[in-house]
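Residue numbers for the sequence shown follow our numbering, so the first one is 52 and each next one is one higher.
Glycine residues also receive a C-beta, built at the ideal position from the N, C-alpha and C atoms.
Keep in mind that this is a model prediction, so the values were computed, not measured.
A short write-up of the structure that comes next.
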Amino acid sequence: ANCIDSTAPAEAVFAGEVKKMTAERMKPQEQLTLEPYERDHAVVVGVYR
């Protein structure tokens with residue numbers, strides 16, 4: 052999240068990125084944080100509709 056917007060909370064950045072995926076006709080299936088390996092990072096798995 053810090054590499055996208057270091058001024059916003061990580062959860063807000065994650066939500067914004069999921070919203071972008073949805074706008075691109077992706078259907079998010081699962082979101083996992085990468086803690087403890089990477090702080091404030093997540094991976095979102097989805098499928099193209």
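Item: Local conformation of residue 66 per DSSP, three classes; Value: helix
Item: Burial state of residue 52, where buried means 16 or more other Cβ atoms lie within 10 Å; Value: buried
Item: Enclosing beta strand (DSSP E) for residue 88 [first to last residue]; Value: Unbroken run through residue 88: none, as it is neither H nor E.
Item: Identity of the residue in 60, 71, 97 and 93 nearest residue 79 by Cα; Value: 97
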